[in-house]
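Structure, as structure tokens:
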Amino acid sequence: MHMTKEDAIKFLKNHQPLPDDIDLTDQIIQEYDNVRKFFYATKTKSVYLYS
Numbered sequence: 940m941h942m943t944k945e946d947a948i949k950f951l952k953n954h955q956p957l958p959d960d961i962d963l964t965d966q967i968i969q970e971y972d973n974v975r976k977f978f979y980a981t982k983t984k985s986v987y988l989y990s
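Under this note's numbering, the first residue of the sequence shown is numbered 940, with each subsequent residue one higher.
In structure tokens form, the structure reads like this:
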């Protein structure tokens, strides 16, 4: 799936705060890494999760 800024923000909103380390699944870790890479690749400087 091609990630969009909206997808990345939705993931972050849905996982705030991130679970404790013991409760993190490989899927959450991988998706968080995908979001991180997306924002790095698109050179996004800031993201507002709450209005």
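Don't be surprised by glycine CBs; every beta carbon is placed ideally from N, CA and C.
Beta-carbon proximity check, V986 vs F950, cutoff 7 Å: no
Between the CA atoms of F977 and I961 - distance to the nearest angstrom: 25 Å
Own chain partners of N953 with C-beta closer than 7 Å, once the 5 adjacent residues on each side are dropped: none
The alpha helix (DSSP H) enclosing D965, as first and last residue numbers: 965 to 980
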